[in-house]
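Residue numbers (UniProt numbering), protein chains in the order written: chain A, 1 to 232; chain B, 1 to 232.
Every residue, glycine too, gets a C-beta built ideally from N, C-alpha and C.
The structure displayed is predicted, hence computed values, not measured ones.
First up is the structure itself, then whatever we jot down about it.
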DNA sequence: CGATGGTTTGAGATATATCAAACCTCGTGG
DNA sequence: CCACGAGGTTTGATATATCTCAAACCATCG
């Protein structure tokens with residue numbers, strides 16, 4: 001019995017394109033790996049040696065400038081795919097934000113396997129196209145939105161992405177209370193702001209009664225409509 | 001003899017994955033279309049009805065906010081693919097910046113064809129992965145770079161992407177003189193700045209002797225090293 | 001209890017936006 | 001041929017959002 005048989009993301013990750021025989025073959029070239037919060041799986045600019053599926057946890061994708069400015073260019077959740085197949089270098093670092101569990105493959109092995117399994121490549125293509133859409137949408141936020149709009153958009157996005165699969169929620173697949181997998185600095189790095197500006201927007205939204213902040217990492221959306229309006 | 005036989009992007013577009021028989025089949029479901037500068041091929045949010053290959057010209061991909069702010073989220077050149085296969089809606093508008101010629105397909109027809117031709121899907125996957133890398137890299141610019149760095153980065157990017165294929169250039173595949181396919185406002189929409197800020201950065205780079213501006217749309221990179229240094 | 005790392009708050013500096021006017025360039029028509 | 005107008009661009013003066021620097025604050029952990 002392979003690790004895949006009990007995998008919680010089995011039906012959502014790209015692996016869902018495979019039948020049990022193919023899955024066994026894929027399983028043979030992969031291995032599980034646990035990451036602690038803060039630990040990196042890949043570094044920006046290094047050779048693309050690994051790809052992986054996220055089984056559990058949240059990871060960030062980030063790039064930076066020479067002088068230390070950082071930009072988070074993506075956030076991945078369970079069932080998401082990470083790494084750069086069919087390419088020689090990794091364009092961004094991958095770091096765990098929470099403790100995480102991933103299913104890693106040598107990029108070469110994975111490439112070869114994928115080329116022989118069109119259904120898998122198709123899933124990967126769909127995922128990549130969706131991720132590109134999402135990323136382009138984020139460019140509007142980075143290039144054209146104010147700090148207030150950025151923070152509000154971020155909170156709405158979080159409330160939509162942190163839903164546990166299988167866990168029915170009242171408000172149209174979004175959750176009104178959640179724990180942020182980010183520090184304030186990391187939120188700033190997602191939004192292209194400074195930590196102070198993020199903090200001020202949080203406290204403003206709180207004193208407006210739009211959100212509540214029971215603790216540093218927890219958020220309650222009190223007035224979703226107002227928050228959506230702020231998101232522009 | 002099909003239109004593909006004389007197509008100038010035949011060997012660079014995703015069509016290069018197909019043999020002549022398959023190409024004839026693809027040709028049967030596609031048609032050529034000419035676009036004038038300023039004309040749109042798709043609109044943000046509409047149903048995804050078309051996909052296309054760019055044969056000639058430059059097109060922009062853009063999104064905007066309710067209140068009219070715009071962000072250009074991508075720029076496509078000959079041999080690039082446009083549109084959203086395997087998806088129901090188009091996330092951004094597509095508009096010709098120059099007169100252009102594209103090879104369009106009904107999305108449904110293309111989807112069906114692609115699913116039966118894994119080699120084509122593979123090319124599309126490679127392209128999409130490369131575009132995602134490029135897009136994520138642009139996020140660093142939008143989120144973390146200053147106006148001066150943005151404009152310098154933009155000019156370097158242009159000098160690399162406007163090279164005519166097959167036309168050997170001395171300076172490592174970049175060109176030192178080119179005609180911008182963008183107005184100043186469009187450059188501002190790429191960089192997340194205002195037109196005035198873009199203009200001021202251009203005149204500053206000119207008076208520094210880093211670039212020269214023979215006319216509104218033409219740029220000469222006088223000192224590439226200095227420009228690269230400004231790009232951060 | 002004190003040290004530590006992250007966060008909030010404050011005061012001030014500054015890059016970029018905004019508003020407004022002058023300036024080209026180019027096509028049109030007298 | 002020149003005057004005119006229109007669109008896009010540059011330049012100038014000012015406003016303001018966000019950053020920067022600095023201090024206070026707060027939770028957590030030994």
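Residue-level contact to chain A via CB, residue i, 7 angstroms cutoff
| i | result |
| --- | --- |
| residue 144(B) | yes |
| residue 139(B) | yes |
| residue 200(B) | no |
| residue 121(B) | yes |
| residue 184(B) | no |
Interface residues of chain A facing residue i [CB-CB closer than 7 angstroms]
| i | result |
| --- | --- |
| residue 196(B) | Here the premise fails: no neighbours, minimum Cβ distance about 16 angstroms. |
| residue 155(B) | Chain A residues near residue 155(B): none, gap ~18 angstroms exceeds 7 angstroms. |
| residue 192(B) | 142, 143, 144 |
| residue 78(B) | Chain A residues near residue 78(B): none, gap ~20 angstroms exceeds 7 angstroms. |
Local Cβ density within 10 Å of residue i, reported as buried at 16 or more and exposed below that
| i | result |
| --- | --- |
| residue 128(A) | buried |
| residue 57(A) | buried |
| residue 218(A) | exposed |
| residue 49(A) | exposed |
| residue 21(A) | exposed |
| residue 107(B) | buried |
| residue 91(B) | buried |
| residue 214(B) | exposed |
| residue 208(A) | exposed |
| residue 160(A) | exposed |
| residue 30(A) | buried |
| residue 112(A) | exposed |
| residue 68(A) | exposed |
| residue 203(B) | exposed |
| residue 165(A) | exposed |
| residue 79(A) | buried |
| residue 36(B) | exposed |
| residue 5(A) | exposed |
| residue 46(A) | exposed |
| residue 25(A) | exposed |
is_contact[residue i, chain B] using C-beta, thresh 7 angstroms
| i | result |
| --- | --- |
| residue 73(A) | yes |
| residue 95(A) | no |
| residue 118(A) | yes |
Contacts of residue i in chain B (Cβ-Cβ under 8 angstroms)
| i | result |
| --- | --- |
| residue 133(A) | 84, 87, 91 |
| residue 232(A) | 65, 66, 67 |
For residue j and residue i, believed in contact at Cβ under 8 angstroms, the rounded distance
| i | j | result |
| --- | --- | --- |
| residue 96(A) | residue 44(A) | That pair is no contact at about 15 angstroms. |
| residue 147(B) | residue 210(B) | No, residue 147(B) and residue 210(B) are not in contact; Cβ-Cβ is about 15 angstroms, not under 8 angstroms. |
| residue 132(A) | residue 132(B) | 5 angstroms |
| residue 152(A) | residue 230(A) | 4 angstroms |
| residue 81(A) | residue 53(A) | 6 angstroms |
| residue 221(B) | residue 155(B) | 7 angstroms |
| residue 3(A) | residue 27(A) | 6 angstroms |
| residue 145(A) | residue 74(A) | Actually they are not in contact, since the Cβ atoms of residue 145(A) and residue 74(A) sit about 18 angstroms apart, beyond 8 angstroms. |
| residue 101(A) | residue 163(A) | No, residue 101(A) and residue 163(A) are not in contact; Cβ-Cβ is about 19 angstroms, not under 8 angstroms. |
| residue 114(B) | residue 124(B) | 7 angstroms |
| residue 59(A) | residue 8(A) | In fact, because the Cβ distance is near 16 angstroms, the residues do not count as touching under 8 angstroms. |
| residue 51(B) | residue 105(B) | 5 angstroms |
| residue 10(B) | residue 103(B) | Incorrect: roughly 10 angstroms between the Cβ atoms, too far for contact. |
| residue 18(A) | residue 117(A) | 7 angstroms |
Chain-ordered chain A contacts of residue i [CB-CB under 8 angstroms]
| i | result |
| --- | --- |
| residue 46(B) | Ordered by position in chain A, no residue passes the 8 angstroms Cβ test against residue 46(B), which lies about 14 angstroms from the chain. |
| residue 129(B) | 84, 85, 86, 87, 128 |
| residue 124(B) | 125 |
| residue 136(B) | 61, 63, 73, 74, 91, 92, 135 |
Within chain B, partners of residue i - CB distance below 9 angstroms
| i | result |
| --- | --- |
| residue 101(A) | Neighbours of residue 101(A) on chain B: none; closest Cβ ~24 angstroms, over 9 angstroms. |
Let me know the alpha helix (DSSP H) ranges lying completely inside the segment 88 to 148 of chain B, each 4 residues or longer, listed in chain order.
-> As far as the segment 88 to 148 of chain B is concerned, its whole alpha helix (DSSP H) runs of at least 4 residues are 107 to 115, 118 to 144.
3-residue-minimum beta strand (DSSP E) runs that sit fully inside the UniProt domain "Cyclic nucleotide-binding" (14 to 83) of chain B, ordered along the chain = The qualifying runs are 30 to 35, 40 to 42, 50 to 56, 59 to 64, 70 to 76, 81 to 83.
Would you mind listing the alpha helix (DSSP H) stretches within the segment 184 to 210 of chain A that are 4+ residues and don't spill past its ends, in chain order?
-> If you keep only unbroken alpha helix (DSSP H) runs of at least 4 residues inside the segment 184 to 210 of chain A, you get 184 to 191, 195 to 207.
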